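The numbering of the sequence shown is the working numbering, which starts it at 4 and goes up by one.
Every residue gets a Cβ at the ideal spot worked out from N, C-alpha and C, and that includes glycine.
Computed from a predicted structure; not experimentally measured.
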Amino acid sequence: MENLRVNLTYSIWFMYNINVLFHTPRLLTSNHIMYVTLKENTFRMIVLMCA
4 MENLRVNLTY SIWFMYNINV LFHTPRLLTS NHIMYVTLKE NTFRMIVLMC A
């Protein structure tokens with residue numbers, strides 16, 4: 004179960020980083036800020052569920 008949680012966390016973190024790199028040109032737009040906030044909240048929710 005621990006390995007599953009770690010793999011899930013790493014895969015989510017990897018996808019999150021790819022998305023940030025992809026959206027870097029729009030870093031200062033409000034849409035991007037809302038998008039990143041949504042991603043962070045989803046990430047935290049999944050981590051809390053797996054904890």
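Beta-carbon gap between residue i and residue j smaller than 9 Å
i                : j             : result
phenylalanine 46 : isoleucine 15 : yes
valine 50        : valine 39     : no
Contacting residues, own chain, Cβ-Cβ under 7 Å from residue i (five flanking each side not counted)
i           : result
tyrosine 19 : Lys42 and Phe46
8 Å CB neighbourhood of residue i in its chain, flanking five on each side removed
i         : result
leucine 7 : none
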